[in-house]
Amino acid sequence: MAAGTAEFVVIANRLPVDRVVDPDGTTSWRTSPGGLVTALEPVMRRKGGAWIGWHGAADEKLRPFTHDGLQLVPVPLSSQEVEEYYEGFSNATLWPLYHDVVAHPEFHREWYDSYVAVNERFAKRAARIARKGAVVWVQDYQLQLVPQMLRKLRPDLRIGFFLHIPFPPTELFQQLPWRREILEGLLGADLVGFQLPGAAQNFVRLVRQRVGHKTHRDAVYLPDGRTVIAKAYPISIDASGFEELARSEAVNARAAEIRESLGNPRKVLLGIDRLDYTKGLRQRLRAFGELVAEGSVTVDDAVFVQVATPSRERVDQYRILRDDIDRLVGRINGDVGRIGQQPITYLHTSYPREEMAALYRAADVMVVTPLRDGMNLVAKEYIACRYEGDGALVLSEFAGAAAELKQSYRVNPYDINGLKQALLDAMNAPRRENGRRMKAMRKYVVEHDIDRWAGRFLEDLTAPREPHDKVFRPPQET
Ligand code: F6P
Numbered sequence: 001m002a003a004g005t006a007e008f009v010v011i012a013n014r015l016p017v018d019r020v021v022d023p024d025g026t027t028s029w030r031t032s033p034g035g036l037v038t039a040l041e042p043v044m045r046r047k048g049g050a051w052i053g054w055h056g057a058a059d060e061k062l063r064p065f066t067h068d069g070l071q072l073v074p075v076p077l078s079s080q081e082v083e084e085y086y087e088g089f090s091n092a093t094l095w096p097l098y099h100d101v102v103a104h105p106e107f108h109r110e111w112y113d114s115y116v117a118v119n120e121r122f123a124k125r126a127a128r129i130a131r132k133g134a135v136v137w138v139q140d141y142q143l144q145l146v147p148q149m150l151r152k153l154r155p156d157l158r159i160g161f162f163l164h165i166p167f168p169p170t171e172l173f174q175q176l177p178w179r180r181e182i183l184e185g186l187l188g189a190d191l192v193g194f195q196l197p198g199a200a201q202n203f204v205r206l207v208r209q210r211v212g213h214k215t216h217r218d219a220v221y222l223p224d225g226r227t228v229i230a231k232a233y234p235i236s237i238d239a240s241g242f243e244e245l246a247r248s249e250a251v252n253a254r255a256a257e258i259r260e261s262l263g264n265p266r267k268v269l270l271g272i273d274r275l276d277y278t279k280g281l282r283q284r285l286r287a288f289g290e291l292v293a294e295g296s297v298t299v300d301d302a303v304f305v306q307v308a309t310p311s312r313e314r315v316d317q318y319r320i321l322r323d324d325i326d327r328l329v330g331r332i333n334g335d336v337g338r339i340g341q342q343p344i345t346y347l348h349t350s351y352p353r354e355e356m357a358a359l360y361r362a363a364d365v366m367v368v369t370p371l372r373d374g375m376n377l378v379a380k381e382y383i384a385c386r387y388e389g390d391g392a393l394v395l396s397e398f399a400g401a402a403a404e405l406k407q408s409y410r411v412n413p414y415d416i417n418g419l420k421q422a423l424l425d426a427m428n429a430p431r432r433e434n435g436r437r438m439k440a441m442r443k444y445v446v447e448h449d450i451d452r453w454a455g456r457f458l459e460d461l462t463a464p465r466e467p468h469d470k471v472f473r474p475p476q477e478t
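The letter at position 410 of the sequence shown is residue 410 when you use my numbering, and the numbering goes up by one with no holes.
If you want it as structure tokens, here you go:
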């Protein structure tokens, strides 16, 4: 891609595809894991522009290329940077800190140094390819210093930032030794987007307390005359794309095949998650195991299918989790299973969209029980695929999606008895009751899709702005 030509640029830690080496030594491209890619890929398809990101392999420099109609600009990472910037600071410091410290965050100065160096590399790459006055949209917690770095290099750009994960309460954020640097990094953007209004408020409060800038509601007034807006933009999915897939004959045939191979139980329950300790997998499997052990549910009655996509496998907490889940599933199936009838079907793998849609079509109850989650797009994908208006969603009140999907069966995932009751309620509710709930949620998801999300964010980002000292003197806040 020629320097200074891109009018619209997305920067994310990962490209939408990872470069993988197959067992026979050939290389191929595989869709990257996670909700960020699911959400942004359709946006980039419709808008065009360049996507800057890491291609998932260490110590490998690649030239910009076009893949499946998308313009991709790879950023290289050395193996040490993968360890320190990606596995370390991003996923063993920020990830647990931003998710309610459900695991212990580790603070290491050399990890932070690597985070700075890699953020600088992303910023420089964007500065080189962006056209004069271009819009650059920086994504997620791995790149929080990029807005400020990029602004220094290219003050002509419109810079947006969106955080896909929760932004922590001020008490937790203050633990971070580099809290001020992160806040100032984000303030390089013109617009900082969050999943929920509470997260935006946490950010503004921290900026006022820790950086000392004046603020008023969702606005931060910088001494140089810039105004930074911090607001909520709950992310969504390509609802019509998922529905179209779900309506296809091939997907419905595959859904029937899945039910058949599970022994045609009365109810199929489904969980699909990255194998992550924030997702509440232990709690969910324990709750279902207890229901079977007590006889509230029999193995003819219900089968639980849990897909756990491999993720961050070299980070200690993820290794521990994988072993724990293997043991838990083995114990439950060993204790309450029968020959040819296992209560839990556990799949440690990732699937293409078609197979995911078939699983959503096959499932009577979708179980989404994170301990903390920025949004959770799996919940929205399930709803988009239930075009007949049936099926039920059990949803943690600690997922961002709970603020929108009000007709779900809401649970506190730490409350195992409450979780068991919600599973029973969802399984046994009259068809009409689940139909009423599903129709309301479908209406919401169809109306609030990914195009609307991107449209709202980009419209606010590109709206004309005057320097604040010319238009408004912000009131003093205490
Ligand atoms: O949504 C959170 C997120 O960390 C994204 O930034 C990322 O693309 C996805 O989850 C998957 O994580 P990873 O790239 O570490 O596998």
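Built from N, CA and C at the ideal position, the CB exists for glycine as well.
In this text, all values refer to a predicted model and were calculated from it rather than measured experimentally.
{"query": "Would D273 be called buried (16 or more neighbouring beta carbons within 10 Å of its own) or exposed?", "result": "buried"}
{"query": "How many angstroms separate the CA atom of T478 from the CA atom of L196?", "result": "Residue placement at T478 is poorly supported in this model, since its pLDDT is 44, which falls under 50; the coordinates still yield a value, given next. The straight-line gap from Cα to Cα measures roughly 24 Å."}
{"query": "Pull up the distance between the alpha-carbon of A440 and that of Q407, whole angstroms please.", "result": "7 Å"}
{"query": "Could you tell me the boundaries of the beta strand (DSSP E) in which T298 lies?", "result": "Counting along the chain, T298 falls outside any beta strand (DSSP E), and DSSP gives it neither H nor E."}
{"query": "State the DSSP-derived secondary structure class of A539, mapped to helix, strand or coil.", "result": "Residue 539 cannot be examined here, being either before or after the span of the chain that is shown, 1 to 478."}
{"query": "Name the two residues that bound the continuous alpha helix (DSSP H) containing M356.", "result": "353-362"}
{"query": "Please report the distance separating the alpha-carbon of F107 from that of Q174.", "result": "13 Å"}
{"query": "Assuming the contact rule is C-beta atoms closer than 8 Å, A363 and R254 should be a hit. Round their C-beta distance to whole Å, please.", "result": "About 13 Å; that fails the 8 Å criterion."}
{"query": "Between L150, A189, V394, V207, which has its C-alpha nearest L424's C-alpha?", "result": "V394"}
{"query": "Can you grab the Cα-Cα spacing for the pair R456 / E84, in whole Å?", "result": "35 Å"}
{"query": "Rounded to whole angstroms, what is the Cα-Cα separation between R180 and V211?", "result": "7 Å"}
{"query": "Do V416 and A287 have their C-beta atoms closer together than 9 Å?", "result": "Here residue 416 turns out to be Ile, not Val, going by the sequence shown. Contact flag set, yes."}
{"query": "Could you check what DSSP says for Q195 in three-state terms: helix, strand or coil?", "result": "coil"}
{"query": "Quick one: residues in its chain with C-beta nearer than 6 Å to the C-beta of E7, no 5 flanking neighbours on either side, listed in chain order?", "result": "R131, A134"}
{"query": "For L222, collect the residues of the same chain with a Cβ closer than 7 Å to its Cβ; drop the 5 residues on either side in sequence, then sort them by chain order.", "result": "L187, H213, V228"}
{"query": "In this structure, how does DSSP classify P147 when only helix, strand and coil are distinguished?", "result": "helix"}
{"query": "For V118 versus E81, is the C-beta spacing smaller than 9 Å?", "result": "yes"}
{"query": "Going by C-alpha to C-alpha distance, which of E184, P265, L285, L72 sits closest to Y414?", "result": "L285"}
{"query": "Could you tell me which of M44, E60, L77, P76 sits nearest to T66, measuring between CA atoms?", "result": "M44"}
{"query": "Is the CB-CB distance between D390 and G435 below 9 Å?", "result": "yes"}
{"query": "Tell me the DSSP secondary structure of K279 in three-state form.", "result": "coil"}
{"query": "Going by the CB atoms, is the gap between V336 and V490 shorter than 9 Å?", "result": "There is no way to answer for residue 490, as the model of the chain reaches only from 1 to 478."}
{"query": "Output the residue ranges of the alpha helix (DSSP H) runs that lie fully inside the segment 14-62 and measure 4 residues or longer, sorted by chain position.", "result": "35-47"}
{"query": "Just the Cα atoms here: how many angstroms apart are W95 and D373?", "result": "11 Å"}
{"query": "Count the other CB atoms within 10 Å of the CB of I339; is the residue buried (16 or more) or exposed (fewer)?", "result": "exposed"}
{"query": "Taking the continuous beta strand (DSSP E) assigned at R208, which residues delimit it?", "result": "From DSSP, R208 is part of no beta strand (DSSP E); its letter is neither H nor E."}
{"query": "Please work out which residues of its chain come closer than 6 Å, Cβ to Cβ, to Q342, disregarding the five sequence neighbours upstream and downstream, and give them in chain order.", "result": "N333"}
{"query": "If you drop the 5 nearest sequence neighbours on each side, which residues of the same chain put their C-beta closer than 7 Å to that of L176?", "result": "L97, I182"}
{"query": "For the ligand F6P, I want to know if A396 counts as a neighbour, meaning its beta carbon is within less than 8 Å of at least one of the ligand's heavy atoms.", "result": "Inspection of the sequence shows that residue 396 is occupied by Ser rather than by Ala. Flag unset: Cβ of S396 not near the ligand F6P."}
{"query": "In angstroms with no decimal places, state the Cα-to-Cα distance between F162 and V367.", "result": "27 Å"}
{"query": "Looking at G374 and the ligand F6P, is the gap between the Cβ and the nearest heavy atom below 8 Å?", "result": "yes"}
{"query": "From L143 to P234, what distance separates their C-alpha atoms?", "result": "19 Å"}
{"query": "Are L488 and I237 touching if we call contact CB-CB under 9 Å?", "result": "Residue numbering for the chain in the displayed model covers 1 to 478; residue 488 lies beyond these limits and cannot be assessed."}
{"query": "In angstroms with no decimal places, state the Cα-to-Cα distance between E404 and G25.", "result": "46 Å"}
{"query": "According to the Cβ coordinates, are G34 and R14 closer than 9 Å?", "result": "yes"}
{"query": "Got a sec, what are the start and stop residues for the alpha helix (DSSP H) F242 sits in?", "result": "239-247"}
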